[in-house]
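The opening position of the sequence shown corresponds to residue 0 in numbering that gives the first Met the number 0, with each subsequent residue numbered one higher.
First the structure, in the form of structure tokens, and then the observations on it.
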Amino acid sequence: MQKSIGRLISILHRQCQIYSNKALKELDLTSAEYPFLLFLYRQEGRTQEELSTYLYIDKAATARAIKSLEEKGYVTKQQDQQDKRCNRIYLTEMALQVKDAVRDHIHQWSTYLAQGLDEKTYDLVYTALEAMVARVESNPLVSESEEK
0 MQKSIGRLIS ILHRQCQIYS NKALKELDLT SAEYPFLLFL YRQEGRTQEE
50 LSTYLYIDKA ATARAIKSLE EKGYVTKQQD QQDKRCNRIY LTEMALQVKD
100 AVRDHIHQWS TYLAQGLDEK TYDLVYTALE AMVARVESNP LVSESEEK
């Protein structure tokens with residue numbers, strides 16, 4: 000049987016979602032929502048389309064997550080002044096108050112994954128994953144026209 004890197008990545012992704020949902024429950028956040036907050040903590044005021052592109056999440060899922068975050072009081076939408084067709088997403092005071100907690104929960108997952116790995120092995124795994132991401136980004140298997 001051939002070893003499947005994709006299967007292992009999929010297992011890690013699903014387990015990360017389970018962990019995130021449990022860890023962030025106290026903040027009323029889900030694994031589908033926190034990546035948007037993490038991105039906005041670094042680059043507030045981005046459009047939904049920019050969020051979708053950066054996070055590799057389809058526009059409908061992005062719209063649902065932003066709507067949920069807005070209903071929970073974590074973000075607000077403001078119409079772009081140059082392009083009235085799009086909205087810019089901004090963090091609320093509530094989102095800023097939980098910034099460290101969100102980052103800490105996510106950091107704990109990364110720390111857990113790295114337990115038992117020496118620095119050389121960790122660097123090797125990280126470098127290999129970076130190379131895989133770069134390959135996919137430079138030559139995606141699914142073109143944008145096929146996604147729509």
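Positions of the beta carbon are idealized from the N, C-alpha and C atoms, including for glycine.
Proximal residues to Arg-102 (C-beta, below 8 angstroms), its chain only, five neighbours per side dropped
Within the sequence shown, the letter at position 103 stands for residue 102. Here the set comprises Leu-37, Tyr-40.
Thr-52 vs Thr-75 beta-carbon contact at 8 angstroms:
As a working note, residue 52 is residue 53 in the sequence shown. As a working note, residue 75 is residue 76 in the sequence shown. When the beta-carbon positions are compared, Thr-52 and Thr-75 stay at least 8 angstroms from each other.
With respect to the alpha helix (DSSP H) encompassing Leu-26, which residues constitute its N-terminal and C-terminal limits?
For the purposes of this step, residue 26 is identified with residue 27 of the sequence shown, where counting begins at 1. Run containing Leu-26: none; DSSP gives neither H nor E here.
Find the nearest neighbour of Gln-107 within the set Thr-61, Leu-7, Cys-15, judged by alpha-carbon distance.
On the sequence shown, position 108 is the one that residue 107 refers to. Answer by Cα proximity: Cys-15.
Residue range of the alpha helix (DSSP H) that Lys-76 falls in?
Here the question's residue 76 lines up with position 77 in the sequence shown. Taken as a continuous stretch (DSSP letters only), Lys-76 belongs to no alpha helix (DSSP H), being part of the beta strand (DSSP E) at 74-78.
Can you list, in chain order, the residues of its chain whose CB lies under 6 angstroms from that of Ile-105, leaving out five sequence neighbours each side?
As a first step, residue 105 must be located in the sequence shown, where it is residue number 106. Around Ile-105: no qualifying Cβ.
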